[in-house]
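A.B. asks: Protein sequences appear in the order of chains A and B.
To get the numbering used here, take the position in the first sequence, counting from 1, and add 48.
To get the numbering used here, take the position in the second sequence, counting from 1, and add 565.
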Amino acid sequence: MAQFTLATPVTEHDMRQLRVGDSVSLNGVIFGIRDATQRRIFDDGVAPPVDLHGAICLHTAPNVKKEDGRYVPVCIGTTTSTRMERFTPGLIEQYGVRGIVGKAGLGEGSARAMQRYGACYLAIVGGAAALETTQIEAIEAVYWEDLMPECIWQLRVNMLGPLTVAIDAHGGNLYEQVREDAAKRMRDVYRELGLE
Amino acid sequence: MGQIDYGQVQRTASDLYVRALKLIPPDVTAAIERALEHETKSGARDILQTILKNVRVALDRNLMVCQDTGIPIYKVKIGSNVSVDGTKLEAAIRAGCADACVTHPFRSSICDPLTRQNRPDSTGDHIPVVDFSFAADLDGIEIRMMPKGSGSENMTWMKMLLPADGVKGVKKFVLDCVLRAGGQGCTPSLIGIGVGGTAELAVKLAKEALFRPIGRPHPDERIAALERELLDAINRSGIGPMGLGGDTTSLGVHIETADTHITMNPVAVNSQCWRSERASAHMYADGRIEFGY
Ligand code: SF4
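Below, the structure written as structure tokens:
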């Protein structure tokens, strides 16, 4: 299990070198997006006002305050990705996104798109928002402010992580592996407890 | 007979909410540290270390541990040496809950269940959940607070099993649920289980079980043995922290029971995430106040 530090925007090569179980930290700019952001892109057909080629997107809706006309983070955490499944293949295929940072994983469609185009799902430690907030150096820009707090957040990050590669560009899916393994192990446990 | 200072109750209710979001109880941190000592998977070790680092960062920088401000729950226990106006007591707690949200300030996670419209101050119809109980040997009032996170609260199940299913049925139901949830609700989790009572009492007991410090077994050895057996079984699944594999899926299993009907066998599971947020305050009849977890 290797450790990587990647700078954004990332390349296809950056992503194809990663395997499930690897650990990644990110530097540079990432984009915070959530449900409403992606409903506008895909249901309303509005192209995002930023170039997402090689981008890493974070599933978040930050808790911020305004100081001297600028947004500063109060608490930035990560939301569950599973709800975002229906949008993610489109983000990868149409807009060139190469990484999603989230928790709890994505479905089959996203995993296929990741394999085909060279993208990865990077699992953050859910609930570790204090750390995440300190790894976000600045909110550089906010697009689609009317969707507050589900705008597009341009965030400058310094060593965001550690993130675990949970779905890689080679068909690997750590959640699936763990689930299958758990089902197998539990057959023995159930038998021992006389539960079958 | 001691008198209640309702202003102090209000301030305490507010303080408890903020404390619960920022300070992880020492028994929870200790349980994560113990898990780290035994964890054999390197990825899982990284996650547990990150969690511990996060707890320290929150403390050092006065930040919330996690972004979810939760659904506020207050459990109030009233002793027999204080006289209480219940309506004033409840109003003070509600006001304190709103104060915390508005003056900290932090995000209100509360919304209307039909329109989904957000409430501005962490209160709403029946929210905060305020629960009263009484204890003859308690000096003053004890308030326990839990800002329950949605990720773990969504991992809740209840079933009316058949009496013939017995304790085996209970075990199977719990393990099936926990396995299905995988890493959802930010594992390593604390699993609260309610057995017996009525349907809603079983769920309430499961939640009550989450208020117990991790590592304190049930005083009834038969129930404590069941807690150990289920914890061991859950951790043998290998689901691990965040569902990414490892020896640490749960930090504890806590069971609370009530007697039930001869033709009923209710069981409920209510999970808690690694944050295991809770805070408590003991307001003595003479006006002293003591904060804890
Ligand atoms: S489940 Fe717990 S740790 Fe995870 S996001 Fe919710 S409150 Fe935070």
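Ideal Cβ positions, reconstructed from N, Cα and C, are used throughout, including at glycine.
By DSSP, does Asp-704/B sit in helix, in strand, or in coil?
C.D. replies: Reduced to three states, the DSSP call for Asp-704/B is coil.
A.B. asks: Between Ile-854/B, Ala-850/B, Asp-702/B, Gly-748/B, which lies nearest to Ser-648/B when the distance is taken from Cα to Cα?
C.D. replies: Measuring from the Cα of Ser-648/B, the nearest candidate turns out to be Ala-850/B.
A.B. asks: For Asn-111/A, decide whether its Cβ has a neighbour in chain B, counting only Cβ atoms nearer than 8 Å.
C.D. replies: Yes, contact with chain B.
A.B. asks: In chain order, which alpha helix (DSSP H) runs of at least 4 residues are fully inside the region 63-150 of chain A?
C.D. replies: The qualifying runs are 83-90, 136-143.
A.B. asks: Which whole-angstrom value is the C-beta distance of Met-710/B and Ser-607/B, which I expect to be below 8 Å?
C.D. replies: Their Cβ separation, rounded to whole angstroms, is 37 Å, which puts Met-710/B and Ser-607/B out of contact at 8 Å.
A.B. asks: Can you pull the chain B residues whose beta carbon is under 9 Å from the beta carbon of Val-205/A, in chain order?
C.D. replies: Result: empty, since nearest Cβ-Cβ is about 15 Å, beyond 9 Å.
A.B. asks: Identify which residue in Arg-82/A, Val-98/A, Gly-117/A, Ala-177/A has its Cα closest to the Cα of Arg-131/A.
C.D. replies: Ranking the options by Cα distance to Arg-131/A, first place goes to Arg-82/A.
A.B. asks: When burial is assigned at 16 or more other CB atoms within 10 Å of the CB, is Gln-632/B buried or exposed?
C.D. replies: That one is buried.
A.B. asks: Please confirm whether Tyr-119/A has its beta-carbon closer than 8 Å to some beta-carbon of chain B.
C.D. replies: No, Tyr-119/A lies away from the interface with chain B (no Cβ there is under 8 Å from its Cβ).
A.B. asks: Rounded to whole angstroms, what is the Cα-Cα separation between Leu-795/B and Lys-151/A?
C.D. replies: Cα to Cα, Leu-795/B sits roughly 26 Å from Lys-151/A.
A.B. asks: Check whether the Cβ atoms of Val-213/A and Asp-91/A lie closer than 8 Å to each other.
C.D. replies: No; because the gap between Cβ atoms is not below 8 Å, this pair is not in contact.
A.B. asks: On a Cα-Cα basis, can you pick out the residue from Trp-192/A, Pro-57/A, Ser-73/A that is closest to Ile-172/A?
C.D. replies: The candidate whose alpha carbon is nearest that of Ile-172/A is Ser-73/A.
A.B. asks: With distances taken from CA atoms, which of Val-832/B, Cys-838/B, Asp-741/B, Thr-688/B is nearest Ser-815/B?
C.D. replies: Ranking Val-832/B, Cys-838/B, Asp-741/B, Thr-688/B by Cα distance to Ser-815/B puts Cys-838/B first.
A.B. asks: Please confirm whether Gly-759/B and Leu-744/B have their CB atoms less than 8 Å apart.
C.D. replies: Result no, Cβ atoms of Gly-759/B and Leu-744/B do not sit closer than 8 Å.
A.B. asks: According to DSSP, what are the bridge partners of Asp-696/B?
C.D. replies: Asp-696/B pairs with Lys-640/B.
A.B. asks: Which same chain residues, not among the five before or five after Lys-653/B, have their C-beta less than 7 Å away from its C-beta?
C.D. replies: Closer than 7 Å at Cβ, skipping near neighbours: Tyr-571.
A.B. asks: Determine which residues share a DSSP beta bridge with Ile-820/B and list them.
C.D. replies: DSSP, once it has assigned bridges, lists Ile-758/B as partnering Ile-820/B.
A.B. asks: Let's see if you can read the secondary structure: which residues bound the beta strand (DSSP E) around Lys-724/B?
C.D. replies: First-last of the beta strand (DSSP E) with Lys-724/B: 721-726.
A.B. asks: Given that Asp-83/A touches chain B, what residues does it touch there, using C-beta distances under 8 Å?
C.D. replies: Here the premise fails: no neighbours, minimum Cβ distance about 12 Å.
A.B. asks: Give the DSSP bridge partners of Pro-712/B, in chain order.
C.D. replies: Pro-637/B.
A.B. asks: Could you spell out the range, first to last residue, of the beta strand (DSSP E) harbouring Cys-168/A?
C.D. replies: 168-171 is the span of the beta strand (DSSP E), which, as asked, contains Cys-168/A.
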